[in-house]
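A.B. asks: Structure provided below as structure tokens; questions to follow.
Protein chains: 2
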Amino acid sequence: MKSNPIQFNPHAGVCYPKGFLASGIAAGIKKNGNRDLSLIVSETPCASAGTFTTNTAKAAPVVFDLELIRKFPIRGIVANSGNANASTGKVGYKNTRLMSEWAHEAATTFDPRLQGGNFLVCSTGRIGVQLPMSKVKSGIKLAAKKLSRDDKVAAEAIMTSDTVFKRNSVEINLGSSIVRIGGIAKGAGMIEPGMSASGKPPALHATMLCFLTTDAIISPPLLQATLNTAVGQSFNRIDVDGDMSTNDTVLLLANGQAGNSPIKKGSREFKLFQQALNELTLSLALMIVKDGEGISRIVTVNVTGAKTSIDAEKAVRAIANSTLAKCAWCGGDPNWGRLSAAIGYSGANYDCSKLSVKYNTVLLVKNGLQIDKNVKKARIVAANSSFIVTCDLGMGKHGATMYTTDLTEKYVEFNKGE
Amino acid sequence: MKSNPIQFNPHAGVCYPKGFLASGIAAGIKKNGNRDLSLIVSETPCASAGTFTTNTAKAAPVVFDLELIRKFPIRGIVANSGNANASTGKVGYKNTRLMSEWAHEAATTFDPRLQGGNFLVCSTGRIGVQLPMSKVKSGIKLAAKKLSRDDKVAAEAIMTSDTVFKRNSVEINLGSSIVRIGGIAKGAGMIEPGMSASGKPPALHATMLCFLTTDAIISPPLLQATLNTAVGQSFNRIDVDGDMSTNDTVLLLANGQAGNSPIKKGSREFKLFQQALNELTLSLALMIVKDGEGISRIVTVNVTGAKTSIDAEKAVRAIANSTLAKCAWCGGDPNWGRLSAAIGYSGANYDCSKLSVKYNTVLLVKNGLQIDKNVKKARIVAANSSFIVTCDLGMGKHGATMYTTDLTEKYVEFNKGE
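Keeping their order, the protein sequence lines are chains B and X. In my numbering, each residue's number is its place in the first sequence (first place is 1) plus 558. In my numbering, each residue's number is its place in the second sequence (first place is 1) plus 558.
Below, the structure is given as structure tokens:
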């Protein structure tokens, strides 16, 4: 029996790969006194890759990172929660640059060997308010003093409406070298990410943030390519409320300390690295969905049998975003009429007389008509805290998947005011 | 002082124009025994016009009406609530045709002079269930016996989740003739209509139904043209939950009994008729918004200063549909960051540093930045049960308006199960 080549370690995140340090402290940006500033630093300079929200109202740190990403070397990431630094104009952009400079200054004060390389910046929280920069400055200094191999507090310090911190990591063998990838993430509302490497469409549709690290040796273009693929099948396929944030960012730093032979495109090692990154990012993305504000059910929506991949995408997103479908799921109601209506207004090629709908393995609709004897069984499936809905359009061979949630009274209550 | 040329009569609907009769009875389609079948009949044959959902999963009656509309003569409308006759296949279509035939049969039994002309059909309610046709048949007979000049019960019999029946009517003077237009409507959820005369896009995004009657003499093409304009500025501009129905329909019958000189395109009479129809349809559309499931606030969203009319449309619909914006309004929170984020993902040309936002007359945001001293004033506006939000994109001269609602816990509770 072959053992799984990808070994997960759920008890570590960005500090699982060699040479990464992290910290998370309370700088006073959040009024409740919780941790709100994270610092991640590599002992050696890093290649970097990133994907960024395609929202045109990009937050200042997104604009800043877009200019910096993939430039070598990157040294680390500084991030705050409690304030998105979005819609904050030129002052906001200047504050982001200051955060980056202060992080570098504080890190080298902590350890003079950490010189060289820039810091990427991320922010999450309320839009339209300027950061309290004196608090941020002393916070960054404190965070640098606290750098360690424990990344739990860094994961905590990027939480906003999250109820749990999110981290995971994986290990693979590339040749004789052990390569690790680790990550921390945040996100619970304003979740329908649509990120691309350039911050420009095409990309589909959280504030969600995810910071990934690896000790692999891999060229910057390949690093970006693997991240694009990974994000495309994970963070860009989740939805809580259909609202794409101004701040969504995934960053991946690679410091090369694993000492593997450089990963070559198309090689067995490349495929294994990609698979590991895919599985890690999907696990982190699903943690975000599971922690969706006030949700009671996680729904995997599959569209199959679409005429084109664009049709599949339109249909799956219309269903995943349908207020009425999400409300029905909240009540454990497998109301397929609302699914059919959503496909019908999605713009996808659709003939409702060809629709099949399954709740897990229960066939509820065939050729557009309800199978009455299966309604009770479908209700039992829809009463679970997680289930799979498959809508086959019967028009072709294309498919798409979204990981979504129900819409609950608690979600509305939570978002009524800040 | 000039008196208003358009006189409203809120105490009448489809029976305000000469020569129309209506009824509404309980056929037993609704399990609670409420009225669920409406009949509207003209004493004389009618020209007709209609707009229909652009959802590709069209209900059987929509498919049927699309084939029949604008063919002369039309005699009336038969409509049921409690069952949408959508996603019901060939059986559903056959049942629609039977409803039309039975309505004609029953009407002529009621009064032999009502011969000639077809009946249009509408249905609203749950999707995917076949109509109980024996109940429908006896219901139609009963409805014909009850035909009268009272249209209140006809308005009641098309209600589903509506809490109040909806009707209104207007009177204008065209030359020496008095011309009247009347209407009844229904709708409270699954509301973001996108109707066109052909049932095909382009048209933007309820089940909402509206039946309009007039005694004007007007040619069928002009009748359709005036209806297109009226629906474009009323029903196609409202939103409760962003879910476009499979059944949305507006029908307009004109029996010519006013005896006016035929209305000519571009004439003063045409303009007055158009204005009256616009005001009537907008009043009925706003009744639907006001009766939105579980809502607590009505929000008029204006986008101004857009580069193109398409940009204005994208931006205004993204705001009106934003789950997070609607939740903020529920809490009386003028959270403009959520509005800016929605514009940012709408696909409209947008530079967030040029955004201005007003809550009624309170300027909350200028050049993309919050005016802190006005936040308290904006909160007072957003605490009202109805207010106007104006987002000026600062990029051009184009604008668009949507009439939308907040999203409340009650909405979710209501839609959790049927």
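Note that the Cβ used here is the ideal one computed from N, Cα and C, for glycine as well.
Going by beta-carbon coordinates alone, are A637/B and I685/B separated by less than 8 Å?
C.D. replies: Not closer than 8 Å, so no.
A.B. asks: Which residues in the same chain have their Cβ closer than 7 Å to the Cβ of A834/B, if we skip the five residues on either side of it in sequence?
C.D. replies: Cβ neighbours of A834/B beyond the five flanking positions: I564, V728, I730, I739.
A.B. asks: For I583/B, which beta-bridge partners are listed by DSSP?
C.D. replies: DSSP lists L595/B as partners of I583/B.
A.B. asks: Out of A936/X, D891/X, N860/X, which one is the CA nearest neighbour of I901/X?
C.D. replies: Nearest C-alpha to I901/X: N860/X.
A.B. asks: Measuring only the C-alpha atoms, how far is K916/X from L810/X?
C.D. replies: Between K916/X and L810/X, the C-alpha separation is close to 37 Å.
A.B. asks: Distance check for V970/B and M978/B, CA to CA, integer angstroms please.
C.D. replies: A question about residue 978/B goes unanswered here, because the residues of chain B that appear run from 559 up to 976.
A.B. asks: With H, G and I counted as helix, E and B as strand and the rest as coil, what does DSSP make of L965/X?
C.D. replies: Coil.
A.B. asks: Helix, strand or coil for V970/B? Go by DSSP, reduced to three states.
C.D. replies: Correct three-state label for V970/B: helix.
A.B. asks: For S639/B and S600/B, I'd like the C-alpha separation in whole angstroms.
C.D. replies: Going by the C-alpha atoms only, they are around 21 Å apart.
A.B. asks: Contact defined as beta carbons within less than 8 Å: I believe D964/B pairs with I853/B. What is the distance between those atoms, to the nearest angstrom?
C.D. replies: With a Cβ gap of about 6 Å, D964/B and I853/B count as contacting.
A.B. asks: Which of helix, strand or coil does DSSP assign to V659/B?
C.D. replies: For clarity, residue 659/B is Glu in the given sequence; the question names Val instead. E659/B: helix per DSSP, three-state reduction.
A.B. asks: Run through the segment 728–791 of chain B for me and flag every whole alpha helix (DSSP H) of 4 or more residues, listed as ranges in chain order.
C.D. replies: As far as the segment 728–791 of chain B is concerned, its whole alpha helix (DSSP H) runs of at least 4 residues are 778–790.
A.B. asks: So G926/B and C910/B are supposed to be a Cβ contact under 8 Å. How far apart are they, rounded?
C.D. replies: That belief holds up - the Cβ atoms of G926/B and C910/B are roughly 5 Å apart, short of 8 Å.
A.B. asks: In chain X, what lies closer than 8 Å to I946/B by C-beta?
C.D. replies: Neighbours of I946/B on chain X: none; closest Cβ ~20 Å, over 8 Å.
A.B. asks: So which of I583/X, G824/X, F630/X, N641/X has the shortest CA-CA distance to N676/X?
C.D. replies: Selected option, being the one with the closest Cα: F630/X.
A.B. asks: Under a CB-based cut-off of 8 Å, is A644/B close to chain X?
C.D. replies: With 8 Å as the cut-off, A644/B counts as an interface residue toward chain X.
A.B. asks: Does the structure place the segment 773–789 of chain B close enough to the segment 810–824 of chain B that three or more beta carbon pairs sit under 8 Å?
C.D. replies: Judged by Cβ distances under 8 Å, the segment 810–824 of chain B makes contact with the segment 773–789 of chain B, as three or more pairs qualify.
A.B. asks: Ordered along the chain, which non-local residues of its own chain (more than five positions away) have a Cβ less than 7 Å from that of N726/X?
C.D. replies: Counting only Cβ-Cβ distances below 7 Å, and skipping sequence neighbours, we find F566, P568, G571, G741, L838, S841, L842.
A.B. asks: Check this for me: beta carbons of A701/B and I856/B, under 8 Å apart or not?
C.D. replies: No, they are not a contact pair.
A.B. asks: Could you check whether I598/X and I627/X sit closer than 8 Å to each other, using their CB atoms as the reference points?
C.D. replies: Cβ atoms of I627/X and I598/X: not closer than 8 Å.
A.B. asks: Spatial neighbours of N932/X within its chain, please: CB distance less than 7 Å, with the 5 preceding and 5 following residues excluded, ordered by chain position.
C.D. replies: Answer for N932/X: V920, L921, L922, listed in chain order.
A.B. asks: Beta carbon of G952/X, beta carbon of K912/X: below 8 Å?
C.D. replies: Yes, the pair counts as a contact, with Cβ atoms nearer than the cut-off.
A.B. asks: Starting from C888/B, find everything on chain X with Cβ-Cβ shorter than 7 Å and list it in chain order.
C.D. replies: In chain order: V970, K974.
A.B. asks: Would DSSP call S911/B helix, strand or coil?
C.D. replies: Here S911/B sits in helix by DSSP.
A.B. asks: Quick check on the DSSP output: the alpha helix (DSSP H) that includes A637/B runs from which residue to which?
C.D. replies: Counting along the chain, A637/B falls outside any alpha helix (DSSP H), though it belongs to the beta strand (DSSP E) covering 632–639.
A.B. asks: For R593/X, collect the residues of the same chain with a Cβ closer than 7 Å to its Cβ; drop the 5 residues on either side in sequence, then sort them by chain order.
C.D. replies: So the list reads G582, I583, A584, V711, E714, A715, once near-sequence residues are dropped.
A.B. asks: Could you list the residues in the segment 800–825 of chain X with a C-beta less than 7 Å from some C-beta on chain B, going in chain order?
C.D. replies: Cβ contacts with chain B come from G800, D801, M802, S803, T804.
A.B. asks: Report back the beta-carbon spacing between T765/X and A642/X to the nearest angstrom; my notes put them in contact at under 8 Å.
C.D. replies: Between A642/X and T765/X the Cβ distance is about 7 Å, and since that is below 8 Å, they are a contact.
A.B. asks: For G608/B, which of helix, strand or coil comes out of DSSP?
C.D. replies: Strand at G608/B.
A.B. asks: L762/X to N794/X, Cα distance in whole Å?
C.D. replies: A caution first: L762/X carries a pLDDT of 41, below 50, which makes its placement in the model too unreliable to give a value.
A.B. asks: Between L767/X and T609/X, how many whole angstroms is the CB-CB distance? I'm expecting something under 8 Å.
C.D. replies: Not quite, the Cβ-Cβ distance comes to about 11 Å (not below 8 Å), so this is no contact.
A.B. asks: With 9 Å as the limit, tell me which residues of the segment 894–905 of chain B have their beta carbon closer than that to any beta carbon of chain X; keep them in chain order.
C.D. replies: If the cut-off is 9 Å between Cβ atoms, the segment 894–905 of chain B has W894, G895, R896, S898, A899, A900, I901, G902, Y903, S904, G905 near chain X.
A.B. asks: Closer than 8 Å is the cut-off here; do at least three beta carbon pairs connect the segment 612–621 of chain X with the segment 795–806 of chain X?
C.D. replies: As far as the Cβ criterion goes, the segment 612–621 of chain X touches the segment 795–806 of chain X, which means the pair count is three or higher.
A.B. asks: Along chain B, in chain order, which residues have C-beta atoms closer than 7 Å to that of L672/X?
C.D. replies: None at all; the shortest Cβ gap to chain B is about 35 Å.
A.B. asks: At a CB-CB cut-off below 7 Å, which residues of chain X make contact with G863/B?
C.D. replies: Here the premise fails: no neighbours, minimum Cβ distance about 15 Å.
A.B. asks: In chain order, what are the residue ranges of uninterrupted beta strand (DSSP E) at least 3 long that sit wholly in the segment 813–883 of chain X?
C.D. replies: The segment 813–883 of chain X contains these whole beta strand (DSSP E) runs: 856–864.
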